[in-house]
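J.: In this note's numbering, the protein residues as written are 13 to 227. Take this structure first; my questions come after.
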């Protein structure tokens, strides 16, 4: 199940933990806590900068609070909103706060989809085996601005000149699979078209639901 998250404030963290713990209670899973698992998605700047992240980590192994480990996935665009990391925090990595509870931290290149899948699988296996929090730091970039009125080249001109010349993750992955001979161009295009269809159908369904609910 998915919990709504108000922007970058990380307020959903404790809601997710509480909901997971409730599921474990009703599933009679309070012994092993392996039938329900929390997954939290963070931005890099929010993970380093929002106090609720540390508070959630700090309580992660307390008997009356624990859910048997949470997987924290950081979508790291390396600039937060528009601030360089060296001006946003005192530590080298946005994940350093997780060291306070000894959580293992995986840093992975977001352009390498196979590596991302492997790391996420390893993180899930760690959580299931040891019942502790684990962090996956997916290092990438944001191709466009923070929102529809943000022009990133104003604040990050050098970085975005490189991004503009960089093929997308999908383009890189498609070329890799074609080179390996694991997919034909027709198969790759069919998979992409099917995914877009799923997204469009979901969008239209949500749009239709909103229209029905409006006064």
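Glycine included, C-beta positions come from ideal geometry on N, C-alpha and C.
1) Go through the segment 48-119 residue by residue and report every complete run of the alpha helix (DSSP H) that reaches 4 residues or more, in order.
2) To which residues of the same chain is residue 77 closer than 8 angstroms at the C-beta, ignoring the five residues directly before and after it?
3) At which residue ranges does the segment 106-190 contain complete beta strand (DSSP E) runs of 3 or more residues, listed in the order of the chain?
4) Indicate the three-state DSSP secondary structure (helix, strand or coil) for residue 42 in the structure shown.
5) Three or more C-beta pairs under 8 angstroms: does that hold for the segment 121-134 against the segment 55-73?
6) Look at the alpha carbon of residue 173 and the alpha carbon of residue 37, and state the distance between them as a whole number of angstroms.
7) Rounded to whole angstroms, what is the Cα-Cα separation between residue 50 and residue 110?
8) Can you list, in chain order, the residues of its chain whose CB lies under 7 angstroms from that of residue 117, leaving out five sequence neighbours each side?
9) Report the option in 114, 170, 178 whose CA atom is closest to the CA atom of residue 144.
10) Please look up how many angstroms separate the CB atoms of residue 225 and residue 153, rounded, as I've assumed it's under 8 angstroms.
11) For the candidate residues 53, 185, 75, whose alpha-carbon lies nearest to that of residue 43?
12) By DSSP, does residue 30 sit in helix, in strand, or in coil?
13) Using three-state DSSP, classify residue 20 as helix, strand or coil.
14) So, are the CB atoms of residue 195 and residue 189 less than 8 angstroms apart?
15) Suppose contacts are defined by Cβ-Cβ distances below 8 angstroms. Is residue 46 in contact with residue 79 by that definition?
16) From 135, 132, 92, pick the residue whose C-alpha is nearest to that of residue 162; which is it?
17) With DSSP as the reference, label residue 208 as helix, strand or coil.
18) Sorted by chain position, which residues of the same chain lie with C-beta nearer than 6 angstroms to residue 81's C-beta, five sequence neighbours on each side aside?
19) For residue 23 versus residue 83, is the C-beta distance shorter than 8 angstroms?
20) Using the Cα positions of residue 54 and residue 20, report the straight-line distance between them to the nearest angstrom.
21) Between residue 48 and residue 169, what straight-line distance do the alpha-carbon atoms span, to the nearest angstrom?
T.: This is what the structure holds:
1) 56-61, 63-70, 97-100
2) 29, 33, 71
3) 117-121, 146-151
4) coil
5) no
6) 51 angstroms
7) 16 angstroms
8) 107, 110, 147, 149
9) 114
10) Going by Cβ atoms, the distance from residue 225 to residue 153 rounds to 36 angstroms, so no, they are not a contact pair.
11) 75
12) helix
13) coil
14) yes
15) no
16) 92
17) helix
18) 139, 143, 144, 145
19) no
20) 8 angstroms
21) 44 angstroms
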